[in-house]
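Those sequence lines, one after another, are chains S and P.
Residue numbers for the first sequence follow the working numbering, beginning at 342 and rising by one.
Residue numbers for the second sequence follow the working numbering, beginning at 19 and rising by one.
Virtual Cβ for every residue (Gly too), placed ideally from N, Cα, C.
Being a predicted model, the structure only gives us computed values, none of them experimental.
Read the structure below first, then the notes.
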Amino acid sequence: MNVQDLYAISPLIVLVTWATLLILVDVYIIRDRNGGTPILAALGLLVAMGFAIAQTGQQYTAFNGMAVVDGFAIFLQVLFLGSGLVGIALAYNYLQRMGIERSEYYILLLYSISGMMLMAIAADLIVVFLALELLSIPLYVLAGFGRPKVEPEEAALKYFLLGAFAGGFVVYGIALAFGATATTSLAGIVQAVNAGSANLTLLSIGAALILIGLGFKVAAVPFHMWTPDVYQGAPSAVTAFMSVGAKAGGFAALLRVFVSALPELAADLSPVLWVLAALTMILGNVVAIAQGNIKRLLAYSSIAHAGYILMALVVFGNTQVSSDAVAAALFYLVAYAVTSFGAWAVVIALEKAEQKGLALDDYAGLGRKYPGLAAAMAVFMLSFTGVPPTLGFVGKLYLFRTVLEGGFIWLAVIGVLTSLVSAYYYLRIVVIMYMRDGDPQVHAEPWLRLTAGVTAVATVVLSLYAGPLFAWASQAVLKLF
Amino acid sequence: MLIEYLPIAILLVISTGLAALIVWIGNTFGPRRPTLRKSLPYESGMNPIGPGTRRMPVRFYLVAVLFILFDIEVVFFLPWAIVFRQLGLFGLIEMFVFIFILLVGYVYAWKKGALEWE
Numbered sequence: 342m343n344v345q346d347l348y349a350i351s352p353l354i355v356l357v358t359w360a361t362l363l364i365l366v367d368v369y370i371i372r373d374r375n376g377g378t379p380i381l382a383a384l385g386l387l388v389a390m391g392f393a394i395a396q397t398g399q400q401y402t403a404f405n406g407m408a409v410v411d412g413f414a415i416f417l418q419v420l421f422l423g424s425g426l427v428g429i430a431l432a433y434n435y436l437q438r439m440g441i442e443r444s445e446y447y448i449l450l451l452y453s454i455s456g457m458m459l460m461a462i463a464a465d466l467i468v469v470f471l472a473l474e475l476l477s478i479p480l481y482v483l484a485g486f487g488r489p490k491v492e493p494e495e496a497a498l499k500y501f502l503l504g505a506f507a508g509g510f511v512v513y514g515i516a517l518a519f520g521a522t523a524t525t526s527l528a529g530i531v532q533a534v535n536a537g538s539a540n541l542t543l544l545s546i547g548a549a550l551i552l553i554g555l556g557f558k559v560a561a562v563p564f565h566m567w568t569p570d571v572y573q574g575a576p577s578a579v580t581a582f583m584s585v586g587a588k589a590g591g592f593a594a595l596l597r598v599f600v601s602a603l604p605e606l607a608a609d610l611s612p613v614l615w616v617l618a619a620l621t622m623i624l625g626n627v628v629a630i631a632q633g634n635i636k637r638l639l640a641y642s643s644i645a646h647a648g649y650i651l652m653a654l655v656v657f658g659n660t661q662v663s664s665d666a667v668a669a670a671l672f673y674l675v676a677y678a679v680t681s682f683g684a685w686a687v688v689i690a691l692e693k694a695e696q697k698g699l700a701l702d703d704y705a706g707l708g709r710k711y712p713g714l715a716a717a718m719a720v721f722m723l724s725f726t727g728v729p730p731t732l733g734f735v736g737k738l739y740l741f742r743t744v745l746e747g748g749f750i751w752l753a754v755i756g757v758l759t760s761l762v763s764a765y766y767y768l769r770i771v772v773i774m775y776m777r778d779g780d781p782q783v784h785a786e787p788w789l790r791l792t793a794g795v796t797a798v799a800t801v802v803l804s805l806y807a808g809p810l811f812a813w814a815s816q817a818v819l820k821l822f
Numbered sequence: 019m020l021i022e023y024l025p026i027a028i029l030l031v032i033s034t035g036l037a038a039l040i041v042w043i044g045n046t047f048g049p050r051r052p053t054l055r056k057s058l059p060y061e062s063g064m065n066p067i068g069p070g071t072r073r074m075p076v077r078f079y080l081v082a083v084l085f086i087l088f089d090i091e092v093v094f095f096l097p098w099a100i101v102f103r104q105l106g107l108f109g110l111i112e113m114f115v116f117i118f119i120l121l122v123g124y125v126y127a128w129k130k131g132a133l134e135w136e
């Protein structure tokens, strides 16, 4: 170990140290008076983000090839830290209003983000697994944060059991990959495959098991069963963070492992991913139509969007397109994160205790009574659907383009058709908000209004400057070796 | 190859068979005169009171979870102690970091009242 190794994980060290010290500060200095902890946690995220951005443009491996710093890692680290900031903003008043104000929320959030950041720099399957656990375990606790009520406890237990189950798949996959190539390092796997010393059948099975395990994390069909229940039962601020952070973390691992280490297996695994992506898009969008609860609707919508991002992964074996595909996936993750956080901010503004205020009918009359909030929600729904000029449209454009370049025409057709299906339930919310009369009760707290406003403006304005953002994402492609 | 394991297989068959035979003989030919006292669960001569699955205070589980947590963390000291000389100063510092994190968890549990019985 040398200084450069520590420099490579400096954002991670800062964040973990900050979170650990925050426990002591919270227990000894702040005690019951909440208010200091969220601000200190946000400050920690900003400092860690500074350390992450300071590494822009650098490419090197650390810890004997266990970790790698490249554009991909830095891009995702900034995304994770940013989603942490939004997670704090969404929770700031919400936890108090729901009577579950505990400062552990912010500390667990920091720990979970540190796992996601480790995922972004992982260059070894063991580190991928370590990051997966570090990411998941705080989230299991956060999912049950609304205790002692039935729904959060059910959500936490379900998430924990299925998450542990999925973790088992990942470990078994790693073991088989190790059996096939005698190494767990991603670079080593590539070398072993190129040298012809790897057992490709065994490696394929291992990769498929890793895909199953991470498929649970990103909620791809048929591994999505937990998503609606957990998203509904967990406190909305946690759900918002989970739907962006955990998903992006899972995709970070999928992209890193499949694109950089396993392109030789494309002949076997591309069709599998094709089917997974198609099923995820179809089921997510079709089942979302039947939902009357906004949290369940957004859960199915998040499943559908996982399907769109999986489309980028289908072309992972085509070396000419794969770097474009990674850039498109990263861009779509940003677009999804911005839109999703905005939509959740509106949901949180309308939510009341005891799971009230979550039915779609509760949005009736929002357009007349709170025009600003309703306009923001309309922007998010249009962005989810993929209507210009929104980020969601540009993101889908890049995704479909890479899929077509990769030669998967029918997959792109399915993507476009399911987007049309999704228009039905997204626009229904807009219709309910503007066309129906009602008397919605809104807690328009400043942080929620700020989050909704900033994300709505970003959704529109960033889509007009999509070129530079995509160029940044393109620089962020994997440069592993 | 596999033939080397044959004696073990024979041993397994004979011992299982013998045990089954003894149980069978006792069951079939032994006299049976059950009384109330004989069919009670054996409790070192005491009369059993109440059902076998008793309700426990949930506090025991909290203590048990904390015990497992810190007990397993302490297991990591053993491999460290064995290669302590090879690791040198680096290993010492790492272990201090580890103990510090452990200590923070302990302080947190203490301050939050997890160690108080009432």
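Based on the DSSP secondary-structure assignment, which residues constitute the bridge partners of A408 (chain S)? As a working note, residue 408 (chain S) is residue 67 in the first sequence. Listed as beta-bridge partners of A408 (chain S) by DSSP are S:A403, S:A463.
Reference G683 (chain S); option with closest CA among S:M718, S:A670, S:L701, S:G658: Position 342 of the first sequence, counting from 1, holds the residue named residue 683 (chain S). With distances taken between Cα atoms, G683 (chain S) lies closest to S:M718.
Measure from the C-beta of I371 (chain S) to each C-beta in chain P and report whether the shortest distance is under 8 Å. Taking the first sequence and counting its residues from 1, the one referred to as residue 371 (chain S) is at position 30. It does not; no Cβ of chain P falls within 8 Å.
What's the call for L436 (chain S), buried or exposed, on a 16-neighbour Cβ count within 10 Å? Here residue 436 (chain S) refers to the residue found at position 95 of the first sequence. Looking at its Cβ environment, which holds 16 or more other Cβ atoms inside 10 Å, L436 (chain S) is buried.
For I354 (chain S), which residues of its own chain have a beta-carbon under 8 Å away from its beta-carbon, when the five flanking residues on both sides are left out? Here the question's residue 354 (chain S) lines up with position 13 in the first sequence. Contacts found: L347.
Would G736 (chain S) pass as a contact of T726 (chain S) if the rule is Cβ separation under 8 Å? On the first sequence, residue 736 (chain S) is found 395 positions in, with the first residue counted as 1. On the first sequence, residue 726 (chain S) is found 385 positions in, with the first residue counted as 1. G736 (chain S) places its beta carbon 8 Å or farther from that of T726 (chain S).
Determine the closest residue to P729 (chain S) out of S:F519, S:L805, S:I623, S:Y673, with distance taken between C-alpha atoms. For the purposes of this step, residue 729 (chain S) is taken as the residue at position 388 of the first sequence. Closest by alpha carbon: S:L805.
Does the beta-carbon of T53 (chain P) have 16 or more other beta-carbons within 10 angstroms, so that it is buried, or is it exposed? Translated into the one-based positions of the second sequence, residue 53 (chain P) becomes position 35. Exposed is the label assigned to T53 (chain P), since fewer than 16 other Cβ atoms lie within 10 Å of its Cβ.
Find the nearest neighbour of R777 (chain S) within the set S:L723, S:Y704, S:G658, judged by alpha-carbon distance. The residue you call residue 777 (chain S) lines up with position 436 of the first sequence. Of S:L723, S:Y704, S:G658, the residue nearest in Cα terms is S:Y704.
What residues of chain P sit near L431 (chain S), judged by a beta carbon separation below 7 Å? Start at 1 with the first residue of the first sequence, and residue 431 (chain S) comes out as number 90. Against chain P, a Cβ distance below 7 Å from L431 (chain S) picks out nothing, because the smallest value is about 25 Å.
Express the C-alpha separation of L471 (chain S) and V93 (chain P) in angstroms, rounding to a whole number. Here residue 93 (chain P) corresponds to residue number 75 of the second sequence, with the count starting at 1. Here residue 471 (chain S) corresponds to residue number 130 of the first sequence, with the count starting at 1. Cα to Cα, V93 (chain P) sits roughly 19 Å from L471 (chain S).
Residue interval of the alpha helix (DSSP H) (run including V616 (chain S)): Residue 616 (chain S) sits at position 275 when you count from the first residue of the first sequence. It spans 607-630 - the alpha helix (DSSP H) in which V616 (chain S) sits, taken as one unbroken run.
Taking V368 (chain S) as the query, report the chain P residues whose CB atoms sit under 8 Å from its CB, ordered along the chain. Your numbering for residue 368 (chain S) matches position 27 in the first sequence. V125, Y126, K129, K130, listed in chain order.
Quick one: what's got a C-beta closer than 6 Å to R443 (chain S)'s C-beta in the same chain, skipping five residues either side? Along the first sequence, one-based indexing puts residue 443 (chain S) at 102. Cβ within range, chain order: n/a, list empty.
Just verifying my parser: in three-state terms, what is the DSSP assignment at N659 (chain S)? The residue given as residue 659 (chain S) occupies position 318 in the first sequence. Residue state, collapsed to three classes: coil.
By Cβ distance below 8 Å, which residues in the same chain neighbour F421 (chain S) in space, the five residues on each side in sequence not counted? The residue you call residue 421 (chain S) lines up with position 80 of the first sequence. Spatial neighbours of F421 (chain S) in its own chain (CB-CB distance under 8 Å, excluding positions within 5 residues in sequence) are listed in chain order as I454, M457, M458, A461, G586, A589, G590.
Just confirm the distance between the C-beta atoms of I644 (chain S) and V762 (chain S), as a whole number of angstroms; I'd bet it's less than 8 Å. Start at 1 with the first residue of the first sequence, and residue 644 (chain S) comes out as number 303. Start at 1 with the first residue of the first sequence, and residue 762 (chain S) comes out as number 421. Going by Cβ atoms, the distance from I644 (chain S) to V762 (chain S) rounds to 13 Å, so no, they are not a contact pair.
Locate the alpha helix (DSSP H) running through R73 (chain P), then write down its first and last residues. Within the second sequence, residue 73 (chain P) is the residue found at index 55, counting from 1. Where R73 (chain P) is concerned, there is no enclosing alpha helix (DSSP H), given that its DSSP letter is neither H nor E.
Alpha carbon of I773 (chain S) to alpha carbon of Y481 (chain S), nearest angstrom: In the first sequence, the residue the question calls residue 773 (chain S) occupies position 432. In the first sequence, the residue the question calls residue 481 (chain S) occupies position 140. I773 (chain S) and Y481 (chain S): Cα-Cα distance of roughly 34 Å.
Integer Cβ distance of T621 (chain S) from A647 (chain S), believed to fall under 8 Å: The residue given as residue 621 (chain S) occupies position 280 in the first sequence. The residue given as residue 647 (chain S) occupies position 306 in the first sequence. That belief holds up - the Cβ atoms of T621 (chain S) and A647 (chain S) are roughly 6 Å apart, short of 8 Å.
List the whole-angstrom C-beta distance separating F582 (chain S) from G423 (chain S), where the pair is believed to meet the contact cut-off of C-beta under 8 Å. Counted from its first residue, the first sequence places residue 582 (chain S) at position 241. Counted from its first residue, the first sequence places residue 423 (chain S) at position 82. Contact doesn't hold; Cβ gap of about 11 Å is too wide.
Out of S:K490, S:G425, S:E474, S:V419, which one is the CA nearest neighbour of I441 (chain S)? Looking up residue 441 (chain S) in the first sequence gives position 100. It is S:K490.
For V76 (chain P) and chain S, any beta-carbon pair shorter than 8 Å? Position 58 of the second sequence, counted from the start, is the residue given in the question as residue 76 (chain P). Output row for V76 (chain P): interface = no.
Along chain P, which residues have their Cβ under 9 Å away from the Cβ of T792 (chain S)? Indexing the first sequence from 1 puts residue 792 (chain S) at position 451. For T792 (chain S), no chain P residue has a C-beta closer than 9 Å to its own C-beta; the minimum C-beta separation is roughly 30 Å.
What do you get for Y23 (chain P), buried or exposed, if any count of 16 or more other CB atoms within 10 angstroms of its CB means buried? The residue you call residue 23 (chain P) lines up with position 5 of the second sequence. With fewer than 16 other Cβ atoms within 10 Å, it is exposed.
For V122 (chain P), return the contacting residues in chain S, with the cut-off set at a CB-CB distance below 7 Å. Position 104 of the second sequence, counted from the start, is the residue given in the question as residue 122 (chain P). Correct list: T361, I364, L365.
Using alpha carbons as the reference points, say which of S:I371, S:A432, S:V468 lies closest to H784 (chain S). Stepping through the first sequence from its first residue, residue 784 (chain S) is reached at position 443. Checking every option, the nearest Cα to that of H784 (chain S) belongs to S:A432.
CA-to-CA distance, L473 (chain S) to L363 (chain S), given in whole angstroms: Within the first sequence, residue 363 (chain S) is the residue found at index 22, counting from 1. Within the first sequence, residue 473 (chain S) is the residue found at index 132, counting from 1. Rounded to the nearest angstrom, the two C-alpha atoms are 23 Å apart.
Under 7 Å from the C-beta of I119 (chain P): neighbouring residues of chain S: Here residue 119 (chain P) refers to the residue found at position 101 of the second sequence. Here the neighbours are T361.
Give me the DSSP bridge partner(s) of K129 (chain P). Position 111 of the second sequence holds residue 129 (chain P). DSSP output for K129 (chain P) lists no bridge partner at all.
Could you say which of S:M390, S:G794, S:N540 lies nearest to I350 (chain S) if we only look at CA atoms? In the first sequence, residue 350 (chain S) corresponds to position 9, counting from 1. Shortest Cα-Cα distance from I350 (chain S) to any of S:M390, S:G794, S:N540 involves S:M390.
Alpha-carbon to alpha-carbon, M652 (chain S) and L752 (chain S): The residue you call residue 752 (chain S) lines up with position 411 of the first sequence. The residue you call residue 652 (chain S) lines up with position 311 of the first sequence. Near 8 Å, if we compare the C-alpha coordinates of M652 (chain S) and L752 (chain S).
Give the C-beta separation of I467 (chain S) and F510 (chain S) to the nearest angstrom, bearing in mind that I take them to be a contact with Cβ-Cβ under 8 Å. As a first step, residue 467 (chain S) is located in the first sequence; it is residue number 126 there, counting from the start. As a first step, residue 510 (chain S) is located in the first sequence; it is residue number 169 there, counting from the start. The C-beta separation of I467 (chain S) from F510 (chain S) comes to about 15 Å, leaving the pair out of contact by the 8 Å criterion.
What residues in its chain sit with their C-beta under 6 Å from that of G412 (chain S), if we drop five residues either side in the sequence? Locating residue 412 (chain S) in the first sequence gives position 71, where the first residue counts as 1. Here the set comprises Q816, A817.
Would you say A382 (chain S) and Y452 (chain S) are within 8 Å of each other, going by their C-beta atoms? Within the first sequence, residue 382 (chain S) is the residue found at index 41, counting from 1. Within the first sequence, residue 452 (chain S) is the residue found at index 111, counting from 1. No; because the gap between Cβ atoms is not below 8 Å, this pair is not in contact.
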